[in-house]
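Input: a single structure, listed below in structure tokens.
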Amino acid sequence: DAKTTQPTSMDCAEGRAANLPCNHSTISGNEYVYWYRQIHSQGPQYIIHGLKNNETNEMASLIITEDRKSSTLILPHATLRDTAVYYCIVRAYYNAGNMLTFGGGTRLMVKP
Amino acid sequence: NAGVTQTPKFRVLKTGQSMTLLCAQDMNHEYMYWYRQDPGMGLRLIHYSVGEGTTAKGEVPDGYNVSRLKKQNFLLGLESAAPSQTSVYFCASSYRNAEAFFGQGTRLTVV
Chain C
1 DAKTTQPTSM DCAEGRAANL PCNHSTISGN EYVYWYRQIH SQGPQYIIHG
51 LKNNETNEMA SLIITEDRKS STLILPHATL RDTAVYYCIV RAYYNAGNML
101 TFGGGTRLMV KP
Chain X
1001 NAGVTQTPKF RVLKTGQSMT LLCAQDMNHE YMYWYRQDPG MGLRLIHYSV
1051 GEGTTAKGEV PDGYNVSRLK KQNFLLGLES AAPSQTSVYF CASSYRNAEA
1101 FFGQGTRLTV V
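Chains as they are written, first to last, in the working numbering: chain C, 1 to 112; chain X, 1001 to 1111.
This is the structure in structure tokens:
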């Protein structure tokens, strides 16, 4: 799996958009970008994933650059409940035996 | 639909004791994973399985054994617990490399 680089921590004001960047400059053509988050000490929660097109669901939007070397997770209206550690992972979808490994993630603090 | 269920949720062991953590999923997922998370740290992969009867080592496999006798269950065993194995253990499952679903964790303390 390609390695990712994320800022260690970020702050965001409640009600504002939170933009979390991820660098994955060594991503391969068949690797997807996945985002998970971990709220406090709960199990990680899947948020969204994409290959090369921008994606949106009820939780967030994912913007992937045209060269696919970086991406941004957008929480459009952050709330206090979005305070969590956010993990960006790149992973091939169809390769058997791929480990699912987590890096350090970005600790997002949403402030009132 | 329960998703991923871990048993037990909490456990205190004495050094040298053994125990088995059970992970059960009802989503018919092929892949299952065991992670540990130490305080203030990220998740580290212990072992994983890509199908019934198959297991593989992750990043930190030493001191642990696993078995996947049934597709829906993934067992993590500690043969001789050590204080360094005090951690929160998370199990997850996925349909191949699609999004993974995690359990709520088992908090293990070894004294």
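Backbone N, C-alpha and C fix where the C-beta goes; we use that ideal spot for every residue, glycine too.
**Request:** For the stretch 16-32 of chain C and the stretch 75-82 of chain C, state whether three or more C-beta atom pairs, one from each stretch, are separated by less than 8 Å.
**Result:** Using a C-beta cut-off of 8 Å, the stretch 16-32 of chain C makes contact with the stretch 75-82 of chain C, since at least three inter-stretch Cβ pairs fall below that distance.
**Neighbour list for C:Q6 in chain X, Cβ cutoff strictly below 8 Å** = In the first sequence, residue 6 of chain C corresponds to position 6, counting from 1. What C:Q6 touches in chain X: nothing, since even the nearest Cβ is about 11 Å away.
**Prompt:** Taking the alpha-carbon positions, what's the C:Q42 to C:C22 distance?
**Reply:** Taking the first sequence and counting its residues from 1, one reaches residue 42 of chain C at position 42. Taking the first sequence and counting its residues from 1, one reaches residue 22 of chain C at position 22. Looking at the two C-alpha atoms, the distance is approximately 23 Å.
**Message:** Here's the rule I'm using: 16 or more other beta-carbon atoms within 10 Å means buried, otherwise exposed. How should C:P44 be labelled?
**Reply:** As a first step, residue 44 of chain C must be located in the first sequence, where it is residue number 44. Only buried fits C:P44, as 16 or more other CB atoms lie within 10 angstroms of its CB.
**Asked** Using a beta-carbon distance below 8 Å, is C:Y86 in contact with chain X?
**Response** Stepping through the first sequence from its first residue, residue 86 of chain C is reached at position 86. It does not; no Cβ of chain X falls within 8 Å.
**Item:** Identity of the residue in X:G1058, X:S1067, X:K1009 nearest X:T1106 by Cα
**Value:** On the second sequence, position 106 is the one that residue 1106 of chain X refers to. When each option's Cα is compared against that of X:T1106, the closest is X:K1009.
**Asked** Mind checking if X:Q1085 is an interface residue toward chain C, Cβ cutoff 8 Å exclusive?
**Response** Here residue 1085 of chain X corresponds to residue number 85 of the second sequence, with the count starting at 1. Closer than 8 Å: no.
**Asked** Does any C-beta atom of chain C lie closer than 8 Å to the C-beta of X:N1028?
**Response** Working through the second sequence from its first residue, we reach residue 1028 of chain X at position 28. No, because no Cβ of chain C sits closer than 8 Å to the Cβ of X:N1028.
**Request:** Using only the heavy atoms of the ligand SAM, determine whether one of them is closer than 7 Å to the beta carbon of X:L1043.
**Result:** Ligands in the displayed structure: none, and consequently the ligand SAM is not present.
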